[in-house]
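I have placed the structure first, in the form of structure tokens, so that the comments after it can refer back to it.
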Amino acid sequence: MNRILLIVCLVLSSYAYGQETVYSLEQVIELARKQSPQSKLAYTQYRNKYWSYRTYQSNYRPQLSLRGTVPDLNSSITPITQPDGTDIFRKRSLASSSLDLSLSQNLGFTGGELFVSSQLQRIDVFTAPVYTSYLANPAIVGFRQPLLKFNSLRWDRKIEPLRYEESQKQYNEEMENVAVKAADVFFNLLLAQFRYKIEEQNVTNTDTLFKISKGRYNLGRIAENDLLQIELSLMNARNNLSQAQLDLDDASQKLRNFLKIAGNEKITLIEPLLIPQFDVDVKIALEQAQKNRQDPVAFQRALTEAERDVARARGESFLNADLYASYGLTQSSSVLPDLYIKPQDQQRAQISFTMPILDWGRAKSMIRTAQANYDLVQTNTEQAEQNFQQDIILKVKELHIYRQKLVIAAKSDTIARKRYDITVKRYMIGKIGITDLNIALNEKDAARLSFVQALRNFWNAYFEIRRKTLYDFERGMVIDHLGNH
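The numbering used here numbers the first residue of the sequence shown as 1344 and each following residue consecutively.
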């Protein structure tokens, strides 16, 4: 029974291994965007930035909170003020409880806070005389406002939307970067497959030529040196085939790892010979890159953050003042229902300030440091913007050049194959020697691999121009991967 199960398992495993899956370049990229670790990482990073943005938005919305202490027990010796104004120490045991329901709203344009609250306190004294007392503030309206101080809320309104917009564009770029990486592993395997096919065909052809040459040598038509030369070529071809098989297995496994493909089925790739026919105008490419890429937004955000740091250094280096004002109702009683009968007015106003008198140049140094950093960011941004534009222009030129090179490589491949076929026929009838045959063989192989490399260069340039502009020139539309989530 165990032997039967073992045989069945071996048959099934060999059958599964013998399965073949065919992928096109488009299918590989689609799989990479759906299930590759890079695409999942990109989406996770975007979600992190999204929830950070939601946190920022919540700072400008009303906040309702309930704070309380129920209870606070205290048994200790404390000073008690007597009717004549003197203090004596006595043992006291009491429990205090409090509740505070507050509704607050940050004011971004001033940096202040407006609040409405309702408070209730209770004290229970357990030592003689035993009593219970309540204090209520049914309604308090108040306002806290920093004066002559750095307003972080106002700067957040400028920076956080830029940061979120940057994360959206960054996600689209990362998804296009996934396509670039997918194309890279695709062509690594495709080149390995071509090399294996070339070496496999070379072994077959060289073996046939070796058998024919042995017959011609036995008839005295070729020298022993030519026979040894073609035998050496056969041995080299077999060695090259072994190495090509190893490279093919390695490239296949890397593609599986990148796409998270389970199983051991054979993967075969289809040559992406259908080349998109469209022209890329440099002006349009620059406009779309400026509109869609994260870099221009990042430049603006960096400058705004540098301006914020200058404002913070100035706002925190001199006079800092805070205004607090509130108006409400209050009442105390030993009976809970009486707290809300004829409550009394309660007003409070306070201005506090801090002003450095001697700081040994600290404030001046902080401002100068922030200003110097702003100048540095501005200089770096200007250089980065120039490099950004030059990079787009270069990618447009590369796409045009690689398209031309692909046409030339295709013609060279056709010519090299025809020349090799003619050379083989001439060798068979004794018109040329083994050296000319080897030259034609090497040229054929080199032309074939050059064509595949030219195909790779074109598609890499195609996906690079998409990534650099986030614009699909083939369809004439902006690339937006967030619409799929």
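Beta carbons are placed, not taken as given, at the ideal position from N, Cα and C, and that holds for glycine.
In terms of residues, what are the limits of the beta strand (DSSP E) holding residue i?
| i | result |
| --- | --- |
| A1482 | 1474-1490 |
| Q1433 | In the sequence on display, residue 1433 carries Arg and not Gln. Note, R1433: beta strand (DSSP E), 1430-1450. |
| F1458 | 1455-1468 |
| D1665 | 1663-1676 |
| V1623 | It is not in any beta strand (DSSP E) - V1623 carries neither H nor E in the DSSP assignment. |
Distance, Cα to Cα, residue i vs residue j?
| i | j | result |
| --- | --- | --- |
| K1501 | T1647 | 8 Å |
| P1615 | K1554 | 37 Å |
| N1480 | Q1674 | 7 Å |
| Q1362 | E1608 | 5 Å |
| L1463 | Q1690 | 17 Å |
| N1663 | A1482 | 30 Å |
| Q1693 | T1470 | 37 Å |
| L1710 | Q1596 | It should be pointed out that residue 1710 corresponds to Ile in this sequence rather than to Leu. When rounded, the distance between both Cα atoms is 57 Å. |
| M1578 | T1549 | 9 Å |
| G1819 | D1622 | 11 Å |
| T1724 | E1503 | 19 Å |
| G1411 | S1461 | 12 Å |
| L1666 | R1497 | 18 Å |
| Y1560 | S1755 | 34 Å |
| I1541 | I1782 | 15 Å |
| N1545 | A1587 | 12 Å |
| S1495 | Y1396 | 15 Å |
| A1535 | K1761 | 23 Å |
| Q1733 | R1769 | 53 Å |
| S1793 | A1628 | 29 Å |
Would you call the CB atoms of residue i and residue j closer than 9 Å?
| i | j | result |
| --- | --- | --- |
| N1402 | D1527 | no |
| L1505 | A1594 | no |
| L1409 | S1445 | yes |
| Y1539 | A1385 | no |
| G1454 | F1493 | yes |
| V1484 | S1669 | yes |
| R1810 | V1523 | yes |
| I1765 | I1573 | no |
| L1780 | V1795 | no |
| A1649 | N1716 | yes |
| L1749 | A1789 | no |
| P1422 | D1415 | no |
| E1728 | R1636 | no |
Assuming residue i is part of the alpha helix (DSSP H), what are its boundary residues?
| i | result |
| --- | --- |
| N1810 | This sequence places Arg at residue 1810; Asn is not what is there. 1777-1812 is the span of the alpha helix (DSSP H), which, as asked, contains R1810. |
| N1607 | Taken as a continuous stretch (DSSP letters only), N1607 belongs to no alpha helix (DSSP H), as it is neither H nor E. |
| P1380 | 1380-1401 |
In the structure shown, what three-state DSSP assignment does residue i receive?
| i | result |
| --- | --- |
| T1595 | In the sequence on display, residue 1595 carries Ser and not Thr. Here S1595 sits in helix by DSSP. |
| G1819 | coil |
| K1685 | coil |
| G1826 | helix |
| R1746 | helix |
| R1292 | Since the first residue shown for the chain is 1344 and the last is 1828, residue 1292 is missing from the structure and cannot be characterised. |
| L1416 | strand |
| A1359 | Low confidence applies to A1359: its pLDDT is 40, below 50, so where it sits in the model is not reliable enough to give any reading. |
| R1636 | coil |
| A1471 | coil |
| G1704 | coil |
| G1773 | coil |
| N1600 | helix |
| F1529 | helix |
| N1494 | coil |
| L1374 | helix |
| L1616 | coil |
For residue i, write down the residues that DSSP places opposite it in a beta bridge.
| i | result |
| --- | --- |
| Q1406 | S1447 |
| A1834 | Summary: the structure shown does not reach residue 1834, with the chain confined to residues 1344 through 1828, and so no result is reported for it. |
| V1365 | T1611 |
| A1692 | A1668 |
| I1423 | I1431 |
| T1697 | N1663 |
| T1411 | Before going further, note that residue 1411 is Gly rather than Thr in the sequence given. According to DSSP, G1411 bridges with L1442. |
Is there a Cβ of chain D sitting closer than 9 Å to that of residue i, yes or no?
| i | result |
| --- | --- |
| L1457 | Looking for chain D here will not work: only one protein chain is present. |
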